[in-house]
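The block underneath contains the structure these notes are about, expressed in structure tokens.
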């Protein structure tokens, strides 16, 4: 049984559809990347797992099963007891996600104390331990400092420490390294994969960066216009992308082994806002393989490597 | 090719108040002795992590950051000693494109008004302005039908095209591009990079390209300077620096680029640096990189190594990798 199974999830704001029929699963210990550009619905999907959708946004249909139970059927109290114990989340902006007025050690220890899993003294000791494990030098001294006294990379480590201290079974990481410099990003990615392996924590990684996906993920779901358009094992998806969007997205990235100064491959048009999504396949207005058939919504097909496209590369199974 | 911009030993130091009541003063050495030049029709990229001083350097050229010491010459003339008329001419030849097109455009102005602004300031006639705005919109790939729209009605990529059109209005020679694509969606970045490369070919522009994305820099730059804590630690032709980095910081930076190829995950050698960037208020003595350097020796903390030539046009500041440098100069 999957640790997390999302089935036909739809999220909207009143009439406006923002996420439309997302299905994906995460197995224990697995790293699944949810890739997409702005407005693709990847962050909303993640927030709805945590039950943290903003006011005005509703889950319109679909189920989210975690460890066999449907999260959408839980009340606030039950959800709260899962968050910070079984489920944890880290965000893109470590500095604004931490309480600026509380010492970082207290913030790392908080979930243990709130969930009654340790005494204050014991939780603080574990917090210092955790800070050491995420690579913060002088953790005893750092634990007493405020987030403003730490660099961005250190704050992101603090967030990871706070998320992992309760040994969650699923960590949702929303653009965890986007705000960081590349050498710090490399440290954080190495740390996440090491910790995940050690504690068998599954990670749902939300990102727009195909490089980060290739470094960390086992499985990839590519989102466009509120839908999953392709999903599969990371090697297969990068080696033989099936959806034209995935294939074009990979081609737009400047590569270190190509001739410089040449014209880069570019996808025509702009990323459409949810108000302007075309009927049928939502990528068809930018796609060079589109035909009249694409006015009809393509269904997801395939076994392990799945794609939703009438004209998938390599033919439809 | 003739020299367009020459920066010599530039220093930008900011005094900051520290201590509990702001009673004591110290100095942030944001840029600490940078020498760099840009020729006509050339792209020079400045790379480095946040806090390395790359944006401050661009701002100093634009007159947006105070120059503490050193000289900035544009077409052979010292910017600091220039009179008002000379400056006005320089502002025509020198333009800027910032990272965030949303905050770079006035939300209440139409696109045409924004693009026309530099033309108005420089006293163009109304008829000339309209024709020039149409021409500029066409040049950057905007439909002239969009001229009366406001930035809010545009996508991020279109807004960045407006910002580029405005920068081109006065036919500049050099454009300082400060992270011009990092706020854009991945599928849009290559459109804007292609636009910048095409404009360079067609108009003979030069770019000072400030960026942290090394794959982008390798693709677009002729020369690259790697900065760390306000200093250039390695500089050279982009192809040479990317293929044969000499400074250990450049090596680490290149090895940290996440590559979009999962098959390399286990074979690639990665240098993971320990620790964070030291505070520019309290930089280490000697080599700036000494606190994080995997090959540092005790003597590296003694004196700042000079920038030494390792091959034609390729310069490195490292006493371990370029040992003969030590005995020569200070």
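Residue numbers (my numbering), protein chains in the order written: chain A, 1 to 317; chain B, 1001 to 1330. We put the beta carbon where it would ideally sit given N, CA and C, even for glycine.
Quick check on the DSSP output: the alpha helix (DSSP H) that includes residue 1235 of chain B runs from which residue to which?
Your numbering for residue 1235 of chain B matches position 235 in the second chain. Element bounds for residue 1235 of chain B: not the alpha helix (DSSP H) but the beta strand (DSSP E), 1231-1237.
Once DSSP output is grouped into helix, strand and coil, what is the label at residue 1006 of chain B?
As a first step, residue 1006 of chain B is located in the second chain; it is residue number 6 there, counting from the start. Of the three classes helix, strand and coil, the one that applies to residue 1006 of chain B here is strand, per DSSP.
Three-way DSSP call (helix, strand, coil) for residue 1245 of chain B in this model
Translated into the one-based positions of the second chain, residue 1245 of chain B becomes position 245. DSSP places residue 1245 of chain B outside both helix and strand once states are collapsed to three, so it counts as coil.
So, is the C-beta of residue 1189 of chain B closer than 8 Å to a C-beta in chain A?
Locating residue 1189 of chain B in the second chain gives position 189, counting from the first residue. Closer than 8 Å: yes.
Can you confirm whether residue 255 of chain A, when its beta carbon is compared against all beta carbons of chain B, has any partner nearer than 8 Å?
As a working note, residue 255 of chain A is residue 255 in the first chain. With 8 Å as the cut-off, residue 255 of chain A counts as an interface residue toward chain B.
Environment of residue 138 of chain A [buried if 16+ CB atoms lie within 10 Å]:
Taking the first residue of the first chain as position 1, residue 138 of chain A is located at position 138. The residue is exposed, with fewer than 16 neighbouring Cβ atoms inside 10 Å.
Reduced DSSP secondary structure (H/G/I, E/B, other) of residue 1181 of chain B:
Taking the first residue of the second chain as position 1, residue 1181 of chain B is located at position 181. The answer is coil: DSSP assigns residue 1181 of chain B none of H, G, I, E or B.
Residues sharing a beta bridge with residue 1072 of chain B, DSSP:
To locate residue 1072 of chain B, count along the second chain from 1; it is residue 72. Answer is B:1007.
Of the residues B:1091, B:1031, B:1302, which one's Cα is nearest the Cα of residue 1010 of chain B?
Numbered from its first residue, the second chain carries residue 1010 of chain B at position 10. Checking every option, the nearest Cα to that of residue 1010 of chain B belongs to B:1031.
What residues in its chain sit with their C-beta under 6 Å from that of residue 1085 of chain B, if we drop five residues either side in the sequence?
The count along the second chain starts at 1 and reaches residue 1085 of chain B at position 85. Here the set comprises nothing.
Applying the criterion that 16 or more other CB atoms from any shown protein chain within 10 Å of the CB defines a buried residue, is residue 30 of chain A buried or exposed?
For the purposes of this step, residue 30 of chain A is taken as residue 30 along the first chain, with counting starting at 1. With a threshold of 16 other beta carbon atoms within 10 Å, residue 30 of chain A meets it and is buried.
What is the C-beta distance between residue 2 of chain A and residue 25 of chain A, in whole angstroms, given that I count them as a contact (C-beta under 8 Å)?
Numbered from its first residue, the first chain carries residue 2 of chain A at position 2. Numbered from its first residue, the first chain carries residue 25 of chain A at position 25. Indeed, because the Cβ distance is near 4 Å, the residues count as touching under 8 Å.
Within 10 Å of its beta-carbon, does residue 1279 of chain B have 16 or more other beta-carbons around it, so buried, or fewer, so exposed?
On the second chain, residue 1279 of chain B is found 279 positions in, with the first residue counted as 1. It counts as exposed.
With residue 238 of chain A as the anchor, note down where its alpha helix (DSSP H) starts and where it stops.
What you label residue 238 of chain A is simply residue 238 of the first chain in a count that begins at 1. Segment 234-239, the alpha helix (DSSP H) holding residue 238 of chain A.
Distance, Cα to Cα, residue 1071 of chain B vs residue 1125 of chain B?
Position 71 of the second chain, counted from the first residue, corresponds to residue 1071 of chain B. Position 125 of the second chain, counted from the first residue, corresponds to residue 1125 of chain B. Spanning the two alpha carbons is a distance of roughly 36 Å.
List in chain order: all unbroken beta strand (DSSP E) runs of 3+ residues lying wholly within the stretch 1077-1160 of chain B.
Secondary structure within the stretch 1077-1160 of chain B: the beta strand (DSSP E) runs of 3 or more consecutive residues, fully enclosed, are 1094-1097 (chain order).
Run down chain A in chain order and give the residues with a C-beta less than 8 Å from the C-beta of residue 1260 of chain B.
Mapped onto the second chain, residue 1260 of chain B falls at position 260. Residues of chain A passing the Cβ test: 210, 211, 213, 214, 238, 250, 253, 255.
What is the DSSP secondary structure of residue 152 of chain A, counted as helix, strand or coil?
As a first step, residue 152 of chain A is located in the first chain; it is residue number 152 there, counting from the start. In the three-state scheme derived from DSSP, where H, G and I count as helix and E and B as strand, residue 152 of chain A is classed as helix.
Residue environment, residue 1264 of chain B, which counts as buried when at least 16 other CB atoms sit within 10 Å
As a working note, residue 1264 of chain B is residue 264 in the second chain. Looking at its Cβ environment, which holds fewer than 16 other Cβ atoms inside 10 Å, residue 1264 of chain B is exposed.
Work out the CA separation of residue 1229 of chain B and residue 1018 of chain B for me, nearest whole Å.
Numbered from its first residue, the second chain carries residue 1018 of chain B at position 18. Numbered from its first residue, the second chain carries residue 1229 of chain B at position 229. Whole-angstrom Cα-Cα distance: 20 Å.
If we cut at 8 Å on Cβ distances, does residue 1202 of chain B have a partner in chain A?
The sequence position of residue 1202 of chain B within the second chain is 202, counting from 1. Contacts with chain A at 8 Å (Cβ-Cβ) do not include residue 1202 of chain B.
Give me the subset of the stretch 1233-1267 of chain B whose CB atoms are less than 9 Å from a CB atom of chain A, sorted by chain position.
Within the stretch 1233-1267 of chain B, the qualifying residues are 1238, 1239, 1242, 1249, 1252, 1253, 1254, 1255, 1256, 1257, 1258, 1259, 1260, 1261, 1262, 1263, 1264, 1265.
Measuring only between beta-carbons, confirm whether residue 219 of chain A sits less than 8 Å from chain B.
Reading the first chain from its first residue, position 219 is the one you call residue 219 of chain A. No, no contact with chain B.
Can you grab the Cα-Cα spacing for the pair residue 248 of chain A / residue 267 of chain A, in whole Å?
Position 248 of the first chain holds residue 248 of chain A. Position 267 of the first chain holds residue 267 of chain A. Cα atoms of residue 248 of chain A and residue 267 of chain A: separation of roughly 7 Å, rounded to the nearest angstrom.
Residue burial classification, residue 253 of chain A (beta-carbon count within 10 angstroms, cutoff 16):
The sequence position of residue 253 of chain A within the first chain is 253, counting from 1. So residue 253 of chain A ends up on the buried side.
Quick check on DSSP: helix, strand or coil for residue 1313 of chain B?
Start at 1 with the first residue of the second chain, and residue 1313 of chain B comes out as number 313. DSSP places residue 1313 of chain B in coil when its eight states are reduced to three.
Quick check on DSSP: helix, strand or coil for residue 1273 of chain B?
Residue mapping note: residue 1273 of chain B aligns to position 273 of the second chain, counting from 1. It is coil, neither helix nor strand.
From the DSSP output, in three-state form, read off residue 298 of chain A for me.
Along the first chain, one-based indexing puts residue 298 of chain A at 298. Note: residue 298 of chain A maps to coil in three-state DSSP.
If we ignore side chains and look at the alpha-carbon of each, how far apart do residue 1328 of chain B and residue 1239 of chain B end up?
Walking along the second chain from the start, residue 1328 of chain B turns up at place 328. Walking along the second chain from the start, residue 1239 of chain B turns up at place 239. Confidence at residue 1328 of chain B is low in this model, with a pLDDT of 47, below 50, so the placement of that residue is unreliable and no value is reported for it.
Could you confirm whether any beta carbon from chain B is found closer than 8 Å to the beta carbon of residue 190 of chain A?
Taking the first chain and counting its residues from 1, the one referred to as residue 190 of chain A is at position 190. Chain B contact via Cβ: present.
Counted within 10 angstroms of its Cβ, other Cβ atoms place residue 1059 of chain B as buried (16 or more) or exposed:
Residue numbering aside, residue 1059 of chain B sits at position 59 when the second chain is read from its first letter. Buried: at least 16 other Cβ atoms inside 10 Å.
Output, in sequence order along the chain, the residues in the stretch 1115-1144 of chain B whose CB is closer than 8 Å to any CB in chain A.
Those would be none; no residue qualifies.
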